[in-house]
Structure formats: structure tokens, C-alpha cells
Amino acid sequence: MIGIRLANLSSFDLNLLRVLDALLRETSTVRAGERLGLSQPAVSAALGRLRAALGDELFFRRGQGLEPTAYALSLEAPLREVLDLTETLLRGADRFDPLTNTDRFRISGSDFFAEMLMPSLADRLTRAAPGMKVHLVDLVPDSYVDTLERYDVDMALLPATDLPDWVQSRPVFRSSFVVVARRDHPRLARAGIAPGGVIPVDLFCDLGHVLFSPEGKLQAMGDAALARLGRERQVVMTMPVFSGVYRAVAGSDLIALLPVQLARHVAPAAGLEIYAAPMPVPLAQIVMVWHRRFAASAAHGWLRDQIADLLAPLDCTA
């Protein structure tokens, strides 16, 4: 909670906390006023009262904007948590109506979800929650927890992993993997391997691979599965997005492992054929994660339910 340096909480105007939150978000008295529906002089006056009450400068001028002090930054996350909880308390879950809701949500996920979730989510929101706004932003696997904690995103879709206790999660689907190659791939054709067939392990390891990796790593689940056979493949290219993976495969003699749902979705238009890998690759459990501060938010919970419902048909049982 907020470590406010107050002599007497009863004399503090709690409306000033909304001003402080707006200033932290906008770093401008003009933009903060626009966010709150206040004039710039009114925001400046409120900032003066905040400085007096909290015993800190809070913001100082830098160029055309304001820069927060270390103390102001220390208040940012707990302040927003308090305001979120207060809003939930005042609004009440029974008042939530998706038809009139105008909340904005940021979802972190790979471009898999641009293909396999967002079109159907757009259709559902158009009918059920026309005022709700949703943004899909890039998944940054090594820092997704930080983005949740800093309010940069409201929820993330990613493979199951260890989570801190302030993150809540919900399994949404499991995915298996298949091999994709361009249509009429010469080496697969010479080997007599028809689409849908198993690529022999020697050929699989000899061909060049494209790997999906936002961080540029050269190994993934497929490599761990091969290692159990005492083999390794040749990863000659990595891509930060799945669309880059399958387009590189479509334009070359490289191959790639893709989630089966995405492979089936894009193969016909991309000129790809689907094959089976020579080794068993474990199912990947995909989860939706969010900060527990949103556990009681009716709008957040409603959107989570819609996403889980739309992704459920993607589940692979084996």
C-alpha cells in the first residue's frame, strides 16, 4: 500500500490521489488535466497541495514535460492498485454491462494470437461489447512479469511457466507441433515422403530449420525432444514472429516446427505442406496470466472468459 507521509489522513483530500495517478501516467499537467477533465491551473494547484502533504517535490520540469522523483515513482504501482480496488468497490460487479463498457485492455501475446484469436474476438466484441477496446501487443517472454506489474499489459498469453504469487493464471489450451515445408519441397519429394508422412530423423536433422524465438535463441522444445534421441537439428534462422517463420519456409528449402493449429490455418494460402516430426514433442500448455489486482474486476474477468472460450476449441488432447 501507499507509504504517504501524512501527519493526519483525515485532512488529506483523497481526490488528490487521482491527480497524482494522472500526472504519473501523463508527465504533463496539461495532459493530466485532459485525462481528468480539469484545467491546467487546477492540476498545478493540486500538485502544489500534493507536494505540501507528502513532503516531496514529486515532479520537476525537464524539457517540455515533468519527470517524477524517486519517491513519486515508488508510489506509482501501489497507487494504481488502490485506485483499481476503489473503482471495483464503487462500481460493483453486479453493475458491469458489456454492452455499455468502454474499458481498454492490452493483451501480450505472439502473433499466433493475431491469427488464431483476434479475428474471432473482434467479432464477439462487436456484438457483445462494442465499446470495449482491445490491443494485442508483442510478447516479451523474459519480461512479461514486469509488464504485468507496471500496468503495461492487462494479461498475457504464453507457455506455462513458474509464476510469482501475485500472478494468477488460467490454462486455455494445449498445442502439439508439426513440421511445415514448402509445397513440392525437392528433398522431401526425392525421399518419397508424402504430405502427412513422418520425416525420417536423418533427413529432419540434415535440413535447415527456421525457429520461432523472440529472443533469438537457437533451441526450443523440439531440440529438447531430439536430444532425448541423441540427435540435434540445424537451426539456421530465427524469427521473432510466427508469420516470419512460415513465410521463410514458404520461400526456401528450410523447414520448421509450428503449432499444429497455426500450421493448418496458414498452410493452404502460404503454399505449405504439413508433415509429422520424427520424434515425439510434448504438448505445450498455453496459459493466460494476469496480476491478482484484477481478480475482482468484472470487466477484466468477463474478457478473460471470452478469450478462454474462444481458445478452448484449439486444445489438443494428444
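Position one of the sequence shown corresponds to residue 1098 (my numbering), numbered consecutively onward.
The beta carbon of each residue, even a glycine, is placed where N, CA and C say it ideally should be.
Straight-line gap, residue i to residue j (C-alpha atoms, nearest Å)
{"i": "residue 1190", "j": "residue 1182", "result": "Confidence at residue 1190 is low in this model, with a pLDDT of 49, below 50, so its placement is unreliable and the value that follows should be read with caution. Distance between the alpha carbons of residue 1190 and residue 1182 is about 12 Å."}
{"i": "residue 1396", "j": "residue 1344", "result": "37 Å"}
{"i": "residue 1338", "j": "residue 1294", "result": "26 Å"}
{"i": "residue 1147", "j": "residue 1393", "result": "29 Å"}
{"i": "residue 1333", "j": "residue 1378", "result": "20 Å"}
{"i": "residue 1330", "j": "residue 1375", "result": "12 Å"}
{"i": "residue 1206", "j": "residue 1160", "result": "35 Å"}
{"i": "residue 1167", "j": "residue 1155", "result": "8 Å"}
{"i": "residue 1296", "j": "residue 1410", "result": "28 Å"}
{"i": "residue 1408", "j": "residue 1217", "result": "10 Å"}
{"i": "residue 1258", "j": "residue 1381", "result": "11 Å"}
{"i": "residue 1317", "j": "residue 1260", "result": "20 Å"}
{"i": "residue 1196", "j": "residue 1322", "result": "47 Å"}
{"i": "residue 1152", "j": "residue 1390", "result": "28 Å"}
{"i": "residue 1371", "j": "residue 1406", "result": "27 Å"}
{"i": "residue 1249", "j": "residue 1286", "result": "48 Å"}
{"i": "residue 1111", "j": "residue 1184", "result": "13 Å"}
{"i": "residue 1302", "j": "residue 1157", "result": "59 Å"}
{"i": "residue 1223", "j": "residue 1315", "result": "40 Å"}
{"i": "residue 1128", "j": "residue 1414", "result": "50 Å"}
{"i": "residue 1165", "j": "residue 1219", "result": "37 Å"}
Supposed close pair residue i, residue j - CB separation, criterion 8 Å
{"i": "residue 1212", "j": "residue 1346", "result": "Their Cβ separation, rounded to whole angstroms, is 15 Å, which puts residue 1212 and residue 1346 out of contact at 8 Å."}
{"i": "residue 1117", "j": "residue 1176", "result": "6 Å"}
{"i": "residue 1120", "j": "residue 1180", "result": "With 8 Å as the limit, residue 1120 and residue 1180 do not qualify as a contact, their Cβ atoms being about 13 Å apart."}
{"i": "residue 1288", "j": "residue 1300", "result": "6 Å"}
{"i": "residue 1136", "j": "residue 1145", "result": "At roughly 14 Å, the Cβ-Cβ gap does not stay under 8 Å, so residue 1136 and residue 1145 are not in contact."}
Own chain residues within Cβ distance below 6 Å of residue i, not counting five before or after
{"i": "residue 1264", "result": "1386"}
{"i": "residue 1320", "result": "none"}
{"i": "residue 1335", "result": "1308, 1310, 1313"}
{"i": "residue 1078", "result": "Outside the shown range of the chain (1098 to 1415) lies residue 1078, about which nothing can therefore be said."}
{"i": "residue 1251", "result": "1202, 1203"}
{"i": "residue 1226", "result": "1195, 1198"}
{"i": "residue 1232", "result": "1203"}
{"i": "residue 1192", "result": "none"}
Residues of its chain near residue i, where Cβ-Cβ distance is below 8 Å and the 5 sequence neighbours each way are ignored
{"i": "residue 1283", "result": "1350"}
{"i": "residue 1369", "result": "1277, 1278, 1279, 1280, 1343, 1346, 1347, 1360, 1363"}
{"i": "residue 1230", "result": "1199, 1200, 1201, 1202"}
{"i": "residue 1139", "result": "1130"}
{"i": "residue 1373", "result": "1275, 1276, 1293, 1294, 1295, 1296"}
{"i": "residue 1256", "result": "1381, 1382, 1383, 1384"}
Same chain only: Cβ atoms within 7 Å of residue i, ignoring 5 sequence neighbours per side
{"i": "residue 1356", "result": "1209, 1272, 1274"}
{"i": "residue 1412", "result": "1270, 1271"}
{"i": "residue 1306", "result": "1330, 1331, 1332, 1333, 1351, 1352, 1353"}
{"i": "residue 1103", "result": "Because the pLDDT of residue 1103 is 48, which lies under 50, any placement of that residue in the model is unreliable, and the question is left without a value."}
Residue i and residue j closer than 8 Å at C-beta
{"i": "residue 1298", "j": "residue 1328", "result": "yes"}
{"i": "residue 1141", "j": "residue 1126", "result": "yes"}
{"i": "residue 1221", "j": "residue 1358", "result": "no"}
{"i": "residue 1400", "j": "residue 1352", "result": "no"}
{"i": "residue 1051", "j": "residue 1143", "result": "In the structure as shown, the chain starts at 1098 and stops at 1415, and residue 1051 therefore has no counterpart that could be examined."}
{"i": "residue 1109", "j": "residue 1150", "result": "yes"}
Candidates the options: closest to residue i by CA position
{"i": "residue 1228", "options": "1258, 1194, 1139, 1292", "result": "1194"}
{"i": "residue 1383", "options": "1267, 1308, 1391", "result": "1267"}
{"i": "residue 1215", "options": "1249, 1254, 1178, 1153", "result": "1254"}
{"i": "residue 1115", "options": "1223, 1285, 1406, 1178", "result": "1178"}
{"i": "residue 1340", "options": "1318, 1323, 1366", "result": "1366"}
{"i": "residue 1262", "options": "1256, 1388, 1122", "result": "1388"}
{"i": "residue 1174", "options": "1122, 1128, 1158", "result": "1122"}
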